[in-house]
Each structure stands twice: as structure tokens, then as C-alpha cells.
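A.B. asks:
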Amino acid sequence: MTAVPAGRRRGADEPVVRQVTEELVLVEVGGRKVLAAAVCPHRGGRLKYGRVDGDRLRITCPLHHTTFDLTSGERTSGAACAALRVVDVLPGREAGQDSGHGSGPDSEHDAGGAL
24 MTAVPAGRRR GADEPVVRQV TEELVLVEVG GRKVLAAAVC PHRGGRLKYG
74 RVDGDRLRIT CPLHHTTFDL TSGERTSGAA CAALRVVDVL PGREAGQDSG
124 HGSGPDSEHD AGGAL
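First residue of the sequence shown: 24, per the numbering used here; consecutive thereafter.
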């Protein structure tokens, strides 16, 4: 869940919801990053205040508790409404896995410096 009790620090593996533009939020959970609409399609609740279920990759609107799947945008419970717009889902990396930037046969360094 995004709410952290007073006096307790947020752990590194706990979900984080950040407003990145007026129209989009970035949800970080379990190493994954999801870029989605910032407002609930039901009644415009601000999802930066929503609760995130990191185990099921879902977000719940703080207004009327409508819940959406963060991978598809599908409404999973709550008031009938359109799906949540999900712009992009970036998969998580396993601990210790290299990002691949700057190494390997497809890196810019092996392409003769051409960008």
C-alpha cells in the first residue's frame, strides 16, 4: 500500500506513486514502473493518493475505491467506469541483473560510435 504509518520510513520495496505531469502518474512497485493516467476515469479522483497493491499490481482510487489493474488498465472492482489509461509498463529487473546499458553487441560503443 502507498500509505505509510506516521513514524515509519518507506521501505525500498514498497510502492511509490509520483505525479510526473498534470495528466500522468508513475507507479513504482516491485522494480516495475507503470506510467498511467493521473485521474480515475470514474469521477476524477487523484491517483497519486491511491493505494497500490504491489502483489497484484493494482491501484485503488481514494474517492470511491474503484480498483484498476496496472498492467492492462482494466477495472477490477468498484464503480462502473472506463478502463484506466496505462501508457507504458516497464518490467522489473531481478536483483543484481545488469541493465545492459553500455555493454553487449547492441550497445552504442559497438556500433562504431554512430548514433
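Using N, Cα and C, we set each Cβ at its ideal position, and we do this for glycine too.
1) According to DSSP, what are the bridge partners of arginine 69?
2) Which two residues bound the contiguous beta strand (DSSP E) that contains aspartate 111?
3) Hey, out of Pro114, Val43, Gln42, whose CA is closest to leucine 80's CA?
4) So, using beta-carbon positions, are proline 85 and glycine 101 closer together than 7 Å?
5) In angstroms with no decimal places, state the Cα-to-Cα distance between arginine 98 and valine 43.
6) Can you check DSSP and say which residues form a bridge with arginine 41?
7) Just the Cα atoms here: how many angstroms apart are valine 194 and threonine 94?
C.D. replies: So, from the listed chains and residues:
1) The sequence position of residue 69 within the sequence shown is 46, counting from 1. Arginine 69 pairs with Val62.
2) Translated into positions along the sequence shown, residue 111 becomes position 88. Run containing aspartate 111: 109-113, per the beta strand (DSSP E) assignment.
3) Mapped onto the sequence shown, residue 80 falls at position 57. Comparing Cα-Cα distances from leucine 80 to each of Pro114, Val43, Gln42, the minimum goes to Pro114.
4) In the sequence shown, counting from the first residue as 1, residue 85 sits at position 62. In the sequence shown, counting from the first residue as 1, residue 101 sits at position 78. Cβ atoms of proline 85 and glycine 101: not closer than 7 Å.
5) One-based indexing of the sequence shown puts residue 98 at position 75. One-based indexing of the sequence shown puts residue 43 at position 20. So the two alpha carbons sit approximately 22 Å from each other.
6) Reading the sequence shown from its first residue, position 18 is the one you call residue 41. Leu49, per the DSSP bridge assignment.
7) As shown, the chain starts at 24 and ends at 138. That puts residue 194 outside it, with no answer to give.
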